[in-house]
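Taken in order, these protein sequences are the chains called A and S.
Heads up: the first sequence begins at 585 in the numbering used here, then just goes up one per residue.
Heads up: the second sequence begins at 3 in the numbering used here, then just goes up one per residue.
Virtual Cβ for every residue (Gly too), placed ideally from N, Cα, C.
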Amino acid sequence: MASSQPGTVASGLSRLRSALPFTSRDWGLLLVAPGVILFSSFMLYPIFYLFYISLTDATFAGSVIGGGAELIGLANYVQLIGDPQFRTSMGTTWLFVAVSLVVKVFLAVGIALLLNHVRVAGKRYMRAAVIVPLGFPGIFTITVWRGMFSDARYGVFNTILGRYNDVMASLSAPQALLFDVPIGFLSGRWEAFFAYVTTEVWLAYPFMVIIIVSALQDVPRSLHEAAMVDGAGALQRFRTVTLPAIKGPVLFASILTAATSFQQFLIPWVFNQGGPSRQNELIIVYGYREAITFNQFGLSAAILIVGIAFVGLFMYVAVRFGGLAEGVGDE
Amino acid sequence: MSAIRSFASLVAAKLVALATAPKRLVVTVQRAVYDVRTGKRTPWDVTKSVLMTLFGLAMVLVLLFPLFWITTASLAEGTRLFNTSGIFPDPTTYNLDAYRWVIFESDFFFVDGDWGYPQLVVGGGGGLVSFRWAGTETGPGAVFNSLYIVSVTLAAGFGMIVPAAYAFSRRRFVGRKRILYGYVLFTQIGAGLSIATLVALYSLFSTYGLTNNLFILGLFYAASAIPFNTWLLKTYMDNIPVSYEEAAMVDGASFLDTIREVIIPLTKPGLAVVLIFVWLAGWNEFIIAQTLLRPENYPLSVELYNIATEGRFSTPWTRFAAFANLFALPVAIVYLAAQRSVEDGLSFGGMEG
Numbered sequence: 585m586a587s588s589q590p591g592t593v594a595s596g597l598s599r600l601r602s603a604l605p606f607t608s609r610d611w612g613l614l615l616v617a618p619g620v621i622l623f624s625s626f627m628l629y630p631i632f633y634l635f636y637i638s639l640t641d642a643t644f645a646g647s648v649i650g651g652g653a654e655l656i657g658l659a660n661y662v663q664l665i666g667d668p669q670f671r672t673s674m675g676t677t678w679l680f681v682a683v684s685l686v687v688k689v690f691l692a693v694g695i696a697l698l699l700n701h702v703r704v705a706g707k708r709y710m711r712a713a714v715i716v717p718l719g720f721p722g723i724f725t726i727t728v729w730r731g732m733f734s735d736a737r738y739g740v741f742n743t744i745l746g747r748y749n750d751v752m753a754s755l756s757a758p759q760a761l762l763f764d765v766p767i768g769f770l771s772g773r774w775e776a777f778f779a780y781v782t783t784e785v786w787l788a789y790p791f792m793v794i795i796i797v798s799a800l801q802d803v804p805r806s807l808h809e810a811a812m813v814d815g816a817g818a819l820q821r822f823r824t825v826t827l828p829a830i831k832g833p834v835l836f837a838s839i840l841t842a843a844t845s846f847q848q849f850l851i852p853w854v855f856n857q858g859g860p861s862r863q864n865e866l867i868i869v870y871g872y873r874e875a876i877t878f879n880q881f882g883l884s885a886a887i888l889i890v891g892i893a894f895v896g897l898f899m900y901v902a903v904r905f906g907g908l909a910e911g912v913g914d915e
Numbered sequence: 003m004s005a006i007r008s009f010a011s012l013v014a015a016k017l018v019a020l021a022t023a024p025k026r027l028v029v030t031v032q033r034a035v036y037d038v039r040t041g042k043r044t045p046w047d048v049t050k051s052v053l054m055t056l057f058g059l060a061m062v063l064v065l066l067f068p069l070f071w072i073t074t075a076s077l078a079e080g081t082r083l084f085n086t087s088g089i090f091p092d093p094t095t096y097n098l099d100a101y102r103w104v105i106f107e108s109d110f111f112f113v114d115g116d117w118g119y120p121q122l123v124v125g126g127g128g129g130l131v132s133f134r135w136a137g138t139e140t141g142p143g144a145v146f147n148s149l150y151i152v153s154v155t156l157a158a159g160f161g162m163i164v165p166a167a168y169a170f171s172r173r174r175f176v177g178r179k180r181i182l183y184g185y186v187l188f189t190q191i192g193a194g195l196s197i198a199t200l201v202a203l204y205s206l207f208s209t210y211g212l213t214n215n216l217f218i219l220g221l222f223y224a225a226s227a228i229p230f231n232t233w234l235l236k237t238y239m240d241n242i243p244v245s246y247e248e249a250a251m252v253d254g255a256s257f258l259d260t261i262r263e264v265i266i267p268l269t270k271p272g273l274a275v276v277l278i279f280v281w282l283a284g285w286n287e288f289i290i291a292q293t294l295l296r297p298e299n300y301p302l303s304v305e306l307y308n309i310a311t312e313g314r315f316s317t318p319w320t321r322f323a324a325f326a327n328l329f330a331l332p333v334a335i336v337y338l339a340a341q342r343s344v345e346d347g348l349s350f351g352g353m354e355g
């Protein structure tokens, strides 16, 4: 009996061990767990809670906390489908993502090529300088851009356009080439949209430039020289040597920055709160305003859930087909 | 301590490189002239290089124009910024009044800029001799709130990101693939997601009584930084050959030795990038901070936003610029010093393959 006791314990332990879903080999999980727990409690849990709020008729924070809200099923989502404001916001958001992405890609590829060119002296310093915007707080740079896009006659861009007009007029250029200053950059719909895109591109290009430059530096010079010997022109070399090398990184950077653009909040909020007359409310601004300004917590939650779902879907497709998670699998 | 010393030497090296840049430029020009004289290069070839370089310089100037503009603006307290004379303020009126306002009147360092002074107390409660901050009736300002938040974010973030990145890179365990997949999905949803969930966050934080708590806010920022940075560091570690660790093991190194002697030194550029990004996550965010905190706990970012939006059309630009420059300067300096690491760390190693 005395000898059988440890045996039962041991067999019990081994039975327990085999019942557990992991083995001692899996201790790596312990290193990962704290991060997962923290992330889940501050990020995932609120999403589920947000989804719950979206199913209620909550109007302000107190009605959620105090339990005054009632479950009304999918009524908020039904209301959204018929809401023209929702369609405007969604359309503007997608347009914003698409336009800024295209501009961003061309600008970043251009900068990266130029600052990696053999003929440019001091490119290391220039590269250090152009990625500086990434190091500044968004609230700072975005407010500065708002100041430059000022509607005032003597705002920065209006002054520059005025100078340009003077020069063109002195060259007696046709009227069509002149600008009608002052331009109300923040008070017209498309003017404001233009201002958003410019700022977004400026905020996001450093990240792309860094990634493209490091891809360009991995292209051996001998490849270019071989192409030159074969008589390939600059354009052809770009197509056959450079493009294949940067295609992957550009796609990768595009996916990441597009997802960020989709959730852009600060630019419209700081510029003119998504105005004029709610025409430029990107999706997050729209949801935020419904909650803060109009006390429609339930509806706001539904909007934001739809927004999160879109980004989630976008990221899922990107990860699935864009090869974003190549390093995930066990090689 | 050694970290501070290596950082200082890094900065010093940067400064030396910058100071000798004109000399190198002269050498380049001299060599070009020599090449043309001896017929090694045609004048047209040199002209092309000069034009390309000038084009690059012009591009850099255009891209950095906003920062240049706001810096000149910060020097022009007391003058009207938007006027008929042009975009830039008159250099003869440059002054540092705006910076003085930030340091001695705003809430940047101490509430209302009321600095006070340290005082040595002999005897008294604590011990024989103790320090005490005296002469101020208002208390510490926004920078201390910001630093407190960032310390929590950095401690929690690093404590969770570095081990997790190592485990993802080197260990095989249950659920590894699934968790990593989830992280990749959430990489780019950091800041935007926190604003999206703000409605729920506010309700939850109020329910659990966690509002107006700087510690919790720091943890929250760490949580928002985890997916992207863990993934970043993991891809960085993947590029370190496992054979290095195996070789160290063969030489009798213990598991912890390999971490200390192989992994950490070789991951330094990656760690530098993660440090900057996690720092930025805690230092820059303001929407959540503004919603969850009460005015006495506002960090610098919220104070900056408040200055920017004091009046709908009348941002006090010079003060805003001075405040913002002091707010952004530490980060910008670290960022520039570690720029090489940022480029290396962000290259995502195997992305091109």
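DSSP beta-bridge partners for residue i?
i, result
"threonine 640 (chain A)", "A:Leu655"
"phenylalanine 112 (chain S)", "S:Pro142"
Once DSSP output is grouped into helix, strand and coil, what is the label at residue i?
i, result
"proline 142 (chain S)", "strand"
"proline 860 (chain A)", "coil"
"serine 208 (chain S)", "helix"
"arginine 904 (chain A)", "helix"
"histidine 701 (chain A)", "coil"
"alanine 388 (chain S)", "Residue 388 (chain S) is absent from the model: chain S starts at 3 and stops at 355."
"isoleucine 715 (chain A)", "coil"
"glutamine 848 (chain A)", "coil"
"glycine 913 (chain A)", "Reliability of the predicted coordinates at glycine 913 (chain A) is poor, the pLDDT of 46 falling under 50, and no value is obtained from them."
"glutamate 107 (chain S)", "coil"
"glycine 355 (chain S)", "For glycine 355 (chain S), the predicted structure reports a pLDDT of 30, less than 50, and the residue's modelled location is therefore unreliable. The matter cannot be settled from this model."
"isoleucine 892 (chain A)", "helix"
"arginine 737 (chain A)", "coil"
"valine 18 (chain S)", "helix"
"isoleucine 218 (chain S)", "helix"
"threonine 237 (chain S)", "helix"
"leucine 827 (chain A)", "helix"
"serine 587 (chain A)", "Residue placement at serine 587 (chain A) is poorly supported in this model, since its pLDDT is 45, which falls under 50; the coordinates are not used for a value here."
"glutamate 865 (chain A)", "coil"
"isoleucine 887 (chain A)", "helix"
"isoleucine 726 (chain A)", "helix"
Give me the residue from the options with the minimum Cα distance to residue i.
i, options, result
"alanine 885 (chain A)", "A:Ala617, A:Ala713, A:Phe626, A:Gln663", "A:Gln663"
"arginine 342 (chain S)", "A:Tyr900, A:Pro833, A:Val716", "A:Val716"
"threonine 55 (chain S)", "A:His701, A:Glu775, A:Ser756, A:Phe724", "A:His701"
"leucine 840 (chain A)", "A:Asp610, A:Ser684, A:Ala617, A:Arg599", "A:Ser684"
"alanine 682 (chain A)", "A:Pro758, A:Asn856, A:Phe777, A:Ile767", "A:Phe777"
"aspartate 735 (chain A)", "A:Ala779, A:Trp611, A:Gly706, A:Ile796", "A:Ala779"
"alanine 811 (chain A)", "A:Gly666, A:Thr826, A:Phe878, A:Arg671", "A:Thr826"
"leucine 27 (chain S)", "A:Lys707, A:Thr677, A:Thr727", "A:Lys707"
"glycine 272 (chain S)", "S:Arg262, S:Phe217, S:Val344", "S:Val344"
"asparagine 660 (chain A)", "A:Phe741, A:Met710, A:Ala642", "A:Ala642"
"asparagine 215 (chain S)", "S:Asn97, S:Arg178, S:Pro229, S:Glu298", "S:Glu298"
"glycine 657 (chain A)", "A:Ile637, A:Tyr789, A:Phe741", "A:Ile637"
"threonine 783 (chain A)", "A:Gly871, A:Val854, A:Gln801", "A:Val854"
"tyrosine 238 (chain S)", "S:Met251, S:Ala224, S:Phe170, S:Val201", "S:Phe170"
"leucine 718 (chain A)", "S:Tyr337, S:Tyr168, S:Pro91", "S:Tyr337"
How about residue i and residue j: are their beta carbons less than 9 Å apart?
i, j, result
"alanine 843 (chain A)", "valine 765 (chain A)", "no"
"phenylalanine 555 (chain A)", "isoleucine 309 (chain S)", "This structure gives no information on residue 555 (chain A), because the portion of chain A shown stretches from 585 to 915."
"leucine 691 (chain A)", "valine 785 (chain A)", "yes"
"valine 714 (chain A)", "valine 781 (chain A)", "no"
"glutamate 79 (chain S)", "arginine 172 (chain S)", "no"
"serine 148 (chain S)", "tryptophan 285 (chain S)", "yes"
"phenylalanine 727 (chain A)", "threonine 320 (chain S)", "Rather than phenylalanine, the amino acid found at residue 727 (chain A) in this sequence is threonine. Going by C-beta atoms, threonine 727 (chain A) is not nearer than 9 Å to threonine 320 (chain S)."
"tyrosine 633 (chain A)", "leucine 206 (chain S)", "yes"
"isoleucine 151 (chain S)", "tyrosine 204 (chain S)", "no"
"glycine 220 (chain S)", "valine 275 (chain S)", "no"
Between residue i and chain C, is the shortest Cβ-Cβ distance under 9 Å, so that the two count as touching?
i, result
"phenylalanine 778 (chain A)", "In the displayed structure, chain C is absent; the protein chains listed are A and S."
Taking 8 Å as the cut-off, does the CB of residue i come closer than this to any heavy atom belonging to the ligand HEM?
i, result
"alanine 842 (chain A)", "No copy of the ligand HEM appears in this structure; indeed no ligand is present at all."
Start-end ranges of the beta strand (DSSP E) lying completely within the region 174-205 of chain S, minimum 3 residues: Within the region 174-205 of chain S, no run of beta strand (DSSP E) at least 3 residues long lies entirely inside it.
3-residue-minimum beta strand (DSSP E) runs that sit fully inside the region 256-336 of chain S, ordered along the chain: Counting whole runs of 3 or more residues, the region 256-336 of chain S contains no beta strand (DSSP E) stretch at all.
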